[in-house]
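Its first residue numbered 349, the sequence shown is counted upward by one per residue in the working numbering.
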Amino acid sequence: MNFSKSRACAITCLLVMGMAALPAAAAAPTRYEAENATISQGAVESNHAGYSGTGFVNGTNVAGSSTEWTITAPSAGTATLAFRYANGTGVDRPSDISVNGTTVAASRSFPATASWATWATVTLTAPVVAGANKVRATATTAGGNPNWDYLDADVPAGAFTDYQAETATISQGVVESNHAGFTGSGFVNYANLTGSYVEFSVSAAAAGAQTLTFRYANGTTADRPMTITVNGTAVATARSFPSTGAWATWREVALDAPLTTGANTVRATATTEGGGPNLDRLRVTGAGDTEKPTSPGQPVCSAIAHNALTLDWPPATDNIGVVAYDIYHQGQQIATAPAPPHRLTGLTPDFAYQLSVFARDASGNVSLSSPEANCRTLPAPADDPPSPPGQPTVSGVQATSATVTWAASTDDNGVRAYLVRDHATNAVLATVTGTPPTTTATVPLECARTYQVHVVARDSANQLSTPSAPSASFTTSTCGTVPQPPTSVAGGWDVPWDISWAPDGTYALVTERDTFRVFKVTTSGTKTQVGTVPNTQTTNGEGGLMGLDFSPTWNGTTDQDVFFMHTASEGNRIAKMSFNGTTLSGYASVLQGIDKNRYHNGGRIRFGPDGYLYVATGDAQQTSNAPDLDSLNGKILRITRTGAAAPGNPFGTRVYSYGHRNPQGLAWDSAGRLWSSELGNSSRDELNLILPGRNYGWPTCEGTCSVSGMTNPKHTWGVAEASPSGIAIVGNTVFMAALRGQRLWRIVLNGENVTTVNSYFNGTYGRLRAVEKVPGAAAIWFGSTNSDNNGDGSADTIRRSTIQ
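See below:
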């Protein structure tokens, strides 16, 4: 499993029944009675026994009712908050916990107690400032909050940061939750052997000695010693972790160790065959570095050549210091620089680059994007193009593919790639790269079609050879679930981003990313604007008005809810509006706290067969977000209509799966399995089978890898052939829209696996983004987005293709 670090600006542990073990130096907590707090939609009562003080708060049974305590902290740091409550309903009553207006525990579970006179405690940690702090508990469901008795707040004089073991890097161990008293979503059960370890990524705001406190349980009668290393150096050898008497009894072992400013690694390695104890968390004294650098200034290009240019920009600032700048072309990282200016080399001649810069500090905090620089490299100098490749031969012809082989080209500066093209249309069927590229390729082909193919070589100056002689003609065999030549539904679009069908299937709603408009489109192609989504902003990249979906019970009268994902001032949001079949009205934010950036915003939302809303979020160009279970970015979320964590989620939070870079399409097959397409960075795009609680690898893995604890994709593509967006499933065949690849991929599923993969409409309609199954028909609608900032500016069209 990849690591994630808890961060003092927006972190929490998950619920713990009973009081958590306190650090040895902790003072007694201060009690704040609920009846003295600020109450919104509720009343103070005393009709159930067992409360403390003069009564308790009975909140109104509505979402949004709240109780707010004002607590005092002697200094800034991390507070342990213990909420005493009763819930005699028999069902959970989750609550959003915020501190000073920032949500620190979204939809925290407050499960049923035996009766209204039975009181329990839920404990979590949260950052506080020196002086007064407002702690609010807001009901997230129509049942309201539980009855509140009091809040105990324990604020140690010194700052500290907690790092949960279950989100660290684990070697030879598993995450479990079968023993009570842990402080996160679980704990690590070490494998019973020497060398098993847990490694934490720890951030320090300043260099120096800090105290490392490991919370653990050891239900055996034997010691389970571990060696502790910091940045690879042992600071404690075979440190004792003695028996705690039971697996649900937790103790702490503390030691001092030097940390460097910024990122550090702390590893706890078992030294005996018994393995390590069950490890709950690592607490580090001293504040972690959570402050992002400022955005770099406007980049400018100079000394432009055909394959290089110099990029300069006003530098960013940071509380500790910027250590690197990541340079992106559109959403793809192409270079890292220690400081401005930086010479970019290996560029494509006569190519328009859209360059933005991001500052990164030693702790991995990444700034928002700089403004964008639009720079075009010069044409390549006069040079001999590659020689024509040899005439290709074709073998292994299948319904959806064939193997193409040819003799190599020669070039004075080296062949950079081969393009295998349809001889009749010049559409690129496959691109082969390498140093040098191979001279054979398995080429995806359409079913039941006669082909000739030829091959073109491309050199390092981006010059193309004369095409090879065409191959002999050959014909692929027939197959089912094939997209037929499409018909136009409606044109004149400006970046149509998503399509959602009304439950009766007579029309769909379509969003436009950059205009924020929403249109109603009937099956006959009548197109009518029904409104815009308020509070939407662009990122001048991939943000704006993105996904939408009808409520699964929408009927236009008693249920008029339509949900959207859009970029707003503070980040990306899930919002809902009312739609009566003719006009959008009203607006309510359902979920905030999803970071935004110029690129990597995700954006697809879909209600699943279970009635809950699934949300695909990008990493916001901060790779550390993806594995961080405390972040909503780089995830697929599963939420209720009110934005709360859906019941049964694997971590008890909104997170359903994690380790995603920029997931896009969401669709379910006939067995209810969830599939998602995902944009890679520079090498591989992915189709993933999404399972709850799984880590899909980013940023450790791009495409398939062999890292323990990470889930591999079911199929991958080179980024030039895909850059996937929406997906739809018809007859257990996935149809995936490709942006850069400018084609519609057909992916046949066999249970949890992919069998055959081929593509259609190669280069015919340009960049494809939205694709959706037509209700009650073996057909899809798909839309082009050639009018976006990466296209040729032409107006876009939504088309219909029958699948047969």
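The beta carbon of each residue, even a glycine, is placed where N, CA and C say it ideally should be.
Here the structure is a predicted model, which means the values were calculated and not measured.
Contact check, residue i vs residue j, beta carbons under 8 angstroms
{"i": "residue 757", "j": "residue 790", "result": "no"}
{"i": "residue 1017", "j": "residue 1077", "result": "yes"}
{"i": "residue 739", "j": "residue 821", "result": "no"}
{"i": "residue 973", "j": "residue 887", "result": "no"}
{"i": "residue 717", "j": "residue 825", "result": "no"}
{"i": "residue 953", "j": "residue 963", "result": "yes"}
{"i": "residue 613", "j": "residue 549", "result": "yes"}
{"i": "residue 547", "j": "residue 534", "result": "no"}
{"i": "residue 415", "j": "residue 382", "result": "yes"}
{"i": "residue 393", "j": "residue 406", "result": "yes"}
{"i": "residue 470", "j": "residue 458", "result": "yes"}
{"i": "residue 1145", "j": "residue 839", "result": "yes"}
{"i": "residue 987", "j": "residue 960", "result": "yes"}
{"i": "residue 745", "j": "residue 707", "result": "no"}
{"i": "residue 456", "j": "residue 445", "result": "yes"}
{"i": "residue 796", "j": "residue 726", "result": "no"}
{"i": "residue 566", "j": "residue 621", "result": "no"}
{"i": "residue 1074", "j": "residue 1118", "result": "yes"}
{"i": "residue 733", "j": "residue 812", "result": "yes"}
{"i": "residue 1063", "j": "residue 1105", "result": "yes"}
Where the beta strand (DSSP E) containing residue i begins and where it ends
{"i": "residue 464", "result": "Segment: none, residue 464 is in no beta strand (DSSP E) and carries neither H nor E."}
{"i": "residue 681", "result": "680-685"}
{"i": "residue 672", "result": "670-677"}
{"i": "residue 708", "result": "700-709"}
{"i": "residue 453", "result": "450-456"}
{"i": "residue 496", "result": "495-502"}
{"i": "residue 942", "result": "932-942"}
{"i": "residue 955", "result": "953-955"}
{"i": "residue 1044", "result": "Residue 1044 -> no beta strand (DSSP E), and no H or E assigned at all."}
{"i": "residue 914", "result": "909-915"}
{"i": "residue 439", "result": "Here residue 439 belongs to no beta strand (DSSP E), and DSSP marks it neither H nor E."}
Burial state of residue i, where buried means 16 or more other Cβ atoms lie within 10 Å
{"i": "residue 1013", "result": "buried"}
{"i": "residue 1081", "result": "buried"}
{"i": "residue 666", "result": "buried"}
{"i": "residue 352", "result": "Confidence at residue 352 is low in this model, with a pLDDT of 35, below 50, so the placement of that residue is unreliable and no value is reported for it."}
{"i": "residue 371", "result": "For residue 371, the predicted structure reports a pLDDT of 34, less than 50, and the residue's modelled location is therefore unreliable. A value from the coordinates is still provided. The residue is buried, with at least 16 neighbouring Cβ atoms inside 10 Å."}
{"i": "residue 893", "result": "buried"}
{"i": "residue 363", "result": "Model confidence at residue 363 stands at a pLDDT of 29, short of 50, so the residue's coordinates are unreliable; what they give is reported in the following sentence. Its Cβ being crowded by 16 or more others within 10 Å, residue 363 is buried."}
{"i": "residue 1152", "result": "exposed"}
{"i": "residue 1135", "result": "buried"}
{"i": "residue 603", "result": "exposed"}
{"i": "residue 1053", "result": "exposed"}
{"i": "residue 1101", "result": "exposed"}
{"i": "residue 1143", "result": "exposed"}
{"i": "residue 816", "result": "buried"}
{"i": "residue 513", "result": "buried"}
{"i": "residue 975", "result": "buried"}
{"i": "residue 897", "result": "buried"}
{"i": "residue 556", "result": "exposed"}
Pick from the options that is closest to residue i, judged by C-alpha positions
{"i": "residue 1123", "options": "1105, 1148, 1136 and 1110", "result": "1148"}
{"i": "residue 1026", "options": "619, 967, 1019 and 994", "result": "967"}
{"i": "residue 730", "options": "697, 708 and 713", "result": "697"}
{"i": "residue 663", "options": "674, 645, 409 and 713", "result": "645"}
{"i": "residue 694", "options": "744, 1079, 530 and 655", "result": "655"}
{"i": "residue 940", "options": "1087, 409 and 919", "result": "919"}
{"i": "residue 401", "options": "595, 496, 760 and 1126", "result": "496"}
{"i": "residue 899", "options": "990, 1142, 544 and 610", "result": "990"}
{"i": "residue 752", "options": "787, 689, 1008 and 1036", "result": "787"}
{"i": "residue 384", "options": "417, 378, 396 and 377", "result": "417"}
{"i": "residue 702", "options": "611, 648 and 1048", "result": "648"}
{"i": "residue 668", "options": "998, 684, 598 and 709", "result": "709"}
Item to check | Given 8 angstroms, three or more beta-carbon pairs between the region 764-782 and the region 846-863 | outcome: no
Checklist entry - Does the pairing of the region 622-640 with the region 508-518 give three or more beta-carbon distances under 8 angstroms? => result The answer is yes - the region 508-518 touches the region 622-640, with three or more Cβ pairs under 8 angstroms.
Item to check | Touching by the beta-carbon criterion (3+ pairs, under 8 angstroms), the region 459-478 and the region 411-427 | outcome: yes
Checklist entry - Are there three or more Cβ pairs, one per stretch, closer than 8 angstroms when the region 839-851 is compared with the region 762-769? => result no
Next on the checklist: Under 8 angstroms: do the region 1079-1099 and the region 1107-1127 share three or more Cβ pairs, one atom per stretch?
Outcome noted: yes
Next on the checklist: Closer than 8 angstroms is the cut-off here; do at least three beta carbon pairs connect the region 1058-1075 with the region 1031-1045?
Outcome noted: yes
Checklist entry - Three or more beta-carbon pairs under 8 angstroms between the region 673-683 and the region 579-590, yes or no? => result Under the 8 angstroms Cβ criterion, the region 673-683 does not count as touching the region 579-590, having fewer than three qualifying pairs.
Checklist entry - Does the pairing of the region 488-503 with the region 525-532 give three or more beta-carbon distances under 8 angstroms? => result no
Checklist entry - Can you find at least 3 beta carbon pairs, one from the region 516-523 and one from the region 429-444, that sit closer than 8 angstroms? => result The region 516-523, when compared against the region 429-444, does not touch it at the 8 angstroms Cβ threshold.
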